[in-house]
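K.L.:
Below is one structure. I have some questions about it.
Here is the structure:
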């Protein structure tokens, strides 16, 4: 037996016990006549003591030769520490070692296995198995496990069943790019890896399973942006005989449960706003509502003077930055520079300080008097001591710019507290969005999303105006879930595909199986999918997903640890009847 | 709201309630003045009643037009049935319908949605979503969910954490064939889909995660035999600082828990035998021990006469078939024909009846007297009333033949009771097996399995004799799990790969990342993987896995429902820089 206890469980109440522990040498301190070793495993750290008086010569000598990350097994007696450490749970005791076995040696690791490691990103990715030994990464993976378990137990207790859908499915060139898998047994043909189990979960509803979920890997062959992974994990859910309200309530319950069980925080408010409202108030469809700074539309109060920048703008919007009247000229200039960077693309920024003496001081005092500026203050909800930042220009651009500025300012002011959780439903998304490149409409959510049924006529005349029964769940400014009520009628599905530019032939070839299924008693149904990687990262108080995935890929889609992807040998290519080169 | 209750929950205690139900029309009976409809959902069936007196004319008319599998919503009052049905939970009540909405119509389904459907296998696969509506398939999927949940909860409560390992990994041509995935971003290079997360779970142990599990899809591009699937699900587990005994105990606990929680059966006995014993006693490494008929080796008691068939045989083995002395000549001939079929390949079979009067009557009375035959009886453990079946020939062939016969006889005699569960550990598997085709040793388990450490020398002189710290879990004659203690030492791993015929270069290229990891403090570790598909099938009392998978593929690896795999369009191939043809 390798151990009687783990390295995190011994306490003062265990004094006098003979114990056996196994683990890694975190560090050792050699005082000559005395050696202390911190022994680490997943559960904690226990201090070992070897000394001239009480330890045999051989063992003391061996103890002195232990290097960092050596794997050892010891037996010894639990004794009381003379100098206690209240920072760790085992800090009142140490083990007086009577037996020491080196189970495996270790080279000096390429970076320190500590909270603040000296390893750079690339090195840590290459030696991921060492990085995982670090407490913070280990905690992230344990958190991920806990969240997954809580999801499963919550949904299972509410009659959902987890069903595994296939990974080797069919390629549909619409949407994002598929990863494909050549079939050796069906020459010249390919499977595709699922971008999501969307059609299968709908078929399960048609199959009468009523309530489905699955924590499942999905795959998208996209040009990777920072913090995107080619494989990612979804909590995929679908329900039959439900309307949007039923779904929102169910998954509001799940979200509250997760935040409670993982963070011990009760979510009291679970607000909802429509997509149009969100764009109006926050300039984006995933607003962070942990703080205010809602948009104030100044179109009606800022176009009456000779200030042509405003007069020539489609949209003039301001936000009131709390406490910003104390910003120095330099600080303000920094914000102006920030919005003028090409990534944001504003041509400039106007501001107005709302002073404590009830006066306003703006960068456009030449054009706007105190009465004008007071109106800005009223519309943006500014209080004394705030500063109003104003951007103007083309509507969609201004919204996006000011939304980015709003988050940037909040970040600087410490208003994005990672230990605060502010979920929000955004509803009534547009059904379609116009794509300039392909010169046609794309499904904003996906092609199976139901339009608002009272807007079916509008679909013919003004498709861009049609709203969908689609909703996103936003948490702290991140979209963590999205879903919709689905089409369950073959005719409406055919109409939808037609509006998306599918020929009848293509529609049948790609989605015929689903549309046929609609003809055999498809129930009304809808669902949602959560991005697990992001959800866990946010619950872990971080925005980057990479450290919540055991073995992530880098931005070129490579696993640098195992060096993959890699070349195949010719025999494999021959068997697959494939040739490299186009 | 689509429903106030589901179709399985209303009882006599609900009399008088106004309820709304939604579901599928299972069947309807039209008596002219009276229509009964069985409304079905996942949870059960509720009977609806429409009649001339109490139902409005329009609704009655609509009720008459309902076809099978129409999706409807009704509102009505719960009333007591005049003729009760004690076979279903809702059998005491029916719903007097006051409102009927057709939510979706249905074509006449291509087969009946009933326990004994009239649909053939192909048709049911093509309309899998209709097949899933059948009670037996639905129950299988619910059982699968329950088993998965029980596994997760059991292991989680014992400090295991579920970690997701990547699906896009690296191809290793050794072992079974990989499915590969071309990488668009890394031209000419491929990922592979995992045959199992073996190396990753070992890296997690090196990473200090201590106890890992994952319910995970695995992929093998094999020529499909009946009841094999290209994608299948494993319960994959690994533990650090354990010996074989720790692992067997842990997963014995899990298996007992599953059988108890799913079948409410307590497993009292969990026997263990070595691989050598299993081959000796049952002629195979996954014996069904729900019944006896253990092999009796007759080499020492059947080679002393002129019966040359035996004299020229390497091995003579018999089994005592309980009650078989009453077999007719015709029945016995049928068994002889059975073993002579090419699939079994025996040249003939000898038998000896052990009569109730204590005499023996054999097919070789000319050569063996009563004393000889009594010895056969003793060695095979025959009782009065049994028949002894004896096969002879080359050792490995005879064992396989008699093993097959043993199962066949047991099947015929009703000794393979699907509601009885008899697990068995088979331990001490050989490390290597000789492969005639490639003229080299293959790893019997996989290349990471640890040899018995006291046999390391033997590895140099007689590798075929070396035993491994490897074990299988057998349930009712099926291998449901297998695992081993792993190598955690770089030198031993290199030695192992050398014995498997890897050049040093290939070993480093394919497994270098793992062997490097061994140098940074790899702990002793080991694990096991269960085949979830098979485990669930056996717990469901069946041997075929297909009906325990929501969307299985056929024997050519095709999904006939979605018609996959399929051709890619040229643009996709170009983007991947691939050409069909070799």
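Residue numbers (my numbering), protein chains in the order written: chain A, 11 to 592; chain B, 11 to 592. Just so you know, even glycine gets a beta-carbon here, dropped at the ideal spot from N, CA and C. Computed from a prediction, not measured in an experiment: that's the story for all the values here.
Does residue 100 of chain A come within less than 8 Å of chain B when only Cβ atoms are used?
P.N.:
False, the Cβ-Cβ gap to chain B never drops below 8 Å.
K.L.:
So with CB distances below 7 Å, who are the chain A contacts of residue 159 of chain B?
P.N.:
For a Cβ distance threshold of 7 Å, residue set 162 and 166 of chain A lies close to residue 159 of chain B, ordered along the chain.
K.L.:
Which of the three DSSP states is assigned to residue 547 of chain A in this structure?
P.N.:
helix
K.L.:
Would the beta-carbon of residue 105 of chain A fall within 8 Å of that of residue 58 of chain A?
P.N.:
Contact: yes.
K.L.:
If the cut is a Cβ gap below 7 Å, which residues of chain A does residue 34 of chain B touch?
P.N.:
Near residue 34 of chain B (Cβ distances below 7 Å), the residues of chain A are 218 and 531.
K.L.:
Quick check on the DSSP output: the alpha helix (DSSP H) that includes residue 536 of chain A runs from which residue to which?
P.N.:
From DSSP, residue 536 of chain A is part of no alpha helix (DSSP H) but of the beta strand (DSSP E) over 535-541.
K.L.:
For residue 493 of chain B, which of helix, strand or coil comes out of DSSP?
P.N.:
Looking at residue 493 of chain B - three-state DSSP - the assignment turns out to be strand.
K.L.:
Just the chain B side, please: which residues come within less than 9 Å of residue 591 of chain A by C-beta, in chain order?
P.N.:
198, 587, 588 and 589
K.L.:
What are the complete beta strand (DSSP E) segments, minimum 3 residues, inside the stretch 342-366 of chain B?
P.N.:
360-364
K.L.:
Please return the same chain residues whose Cβ sits closer than 6 Å to the Cβ of residue 441 of chain B, not counting the five positions on each side in sequence.
P.N.:
461, 476 and 478
K.L.:
Can you name, in chain order, every residue of its own chain whose Cβ lies under 8 Å from the Cβ of residue 11 of chain B, other than the five neighbours on each side?
P.N.:
Within the same chain, Cβ atoms closer than 8 Å to the Cβ of residue 11 of chain B are found at 30, the five residues on either side in sequence being excluded.
K.L.:
Which same chain residues, not among the five before or five after residue 563 of chain B, have their C-beta less than 7 Å away from its C-beta?
P.N.:
239, 240 and 569
K.L.:
Please confirm whether residue 572 of chain A has its beta-carbon closer than 8 Å to some beta-carbon of chain B.
P.N.:
yes
K.L.:
Would you grab the beta carbon distance between residue 386 of chain B and residue 328 of chain B for me? Rounded to a whole angstrom, and I think it's under 8 Å.
P.N.:
6 Å
K.L.:
Suppose the cutoff is 6 Å on Cβ atoms and the five residues either side in sequence are ignored; what does the same chain contact list for residue 216 of chain A look like?
P.N.:
Excluding sequence neighbours, residue 216 of chain A sits near 527 and 532.
K.L.:
Which residues bound the beta strand (DSSP E) around residue 52 of chain B?
P.N.:
Unbroken run through residue 52 of chain B: none, as it is neither H nor E.
K.L.:
Where are the alpha helix (DSSP H) runs, 4 residues long or more, that stay fully inside the stretch 459-494 of chain A, in chain order?
P.N.:
466-471
K.L.:
Show which residues of chain A have a CB atom less than 9 Å away from the CB atom of residue 189 of chain B.
P.N.:
At a C-beta separation below 9 Å, residue 189 of chain B has these neighbours in chain A: 178, 191, 192, 193, 194 and 201.
K.L.:
In three-state terms, what does DSSP make of residue 498 of chain A?
P.N.:
coil
K.L.:
Measure the beta-carbon distance from residue 100 of chain B to residue 54 of chain B and round it to whole angstroms, keeping in mind my assumption that it falls under 8 Å.
P.N.:
6 Å
K.L.:
Please name the residue in B:20, B:176, B:498 and B:56 whose C-alpha comes closest to that of residue 35 of chain B.
P.N.:
B:56
K.L.:
How far does the beta strand (DSSP E) with residue 284 of chain B in it reach, from first residue to last?
P.N.:
282-284
K.L.:
Taking Cβ-Cβ distances below 7 Å as the criterion, which residues of the stretch 71-91 of chain B are in contact with chain A?
P.N.:
79, 80 and 81
K.L.:
Could you name the residues of the same chain whose beta carbon sits closer than 7 Å to that of residue 468 of chain A, not counting the 5 residues immediately before and after it, in chain order?
P.N.:
Contacts found: 475 and 476.
K.L.:
Have a look at residue 50 of chain B and residue 158 of chain B and give me their C-alpha separation to the nearest angstrom.
P.N.:
In a straight line, the C-alpha of residue 50 of chain B is about 26 Å away from that of residue 158 of chain B.
K.L.:
So which residues of chain B does residue 143 of chain A contact, with C-beta pairs closer than 8 Å?
P.N.:
Simply 217 and 218.
K.L.:
Taking a contact to mean a Cβ-Cβ separation below 8 Å, would you say residue 69 of chain B touches residue 107 of chain B in this structure?
P.N.:
yes
K.L.:
Straight-line CA distance for residue 517 of chain A to residue 195 of chain B?
P.N.:
29 Å
K.L.:
Short check: CB of residue 243 of chain A to CB of residue 483 of chain A, under 8 Å?
P.N.:
No; because the gap between Cβ atoms is not below 8 Å, this pair is not in contact.
K.L.:
Starting from the beta carbon of residue 582 of chain B, find every residue of chain A whose beta carbon is closer than 9 Å, and list them in chain order.
P.N.:
181, 183, 187, 188, 190 and 200
K.L.:
Which residues bound the beta strand (DSSP E) around residue 423 of chain A?
P.N.:
Unbroken run through residue 423 of chain A: none, as it is neither H nor E.
K.L.:
Tell me, please, whether the CB atom of residue 323 of chain B is closer than 8 Å to any CB atom in chain A?
P.N.:
no
K.L.:
Can you give me, in chain order, the residues of the stretch 111-122 of chain B that have a beta carbon less than 7 Å from any beta carbon in chain A?
P.N.:
113, 114, 116, 117 and 119
K.L.:
Using the C-alpha atoms, what's the distance from residue 400 of chain B back to residue 295 of chain B?
P.N.:
20 Å
K.L.:
Taking residue 111 of chain B as part of the beta strand (DSSP E), name the residues at either end of that continuous run.
P.N.:
103-114
K.L.:
Using a cut-off of 9 Å between C-beta atoms, extract the partners of residue 498 of chain B located in chain A.
P.N.:
81, 113 and 114
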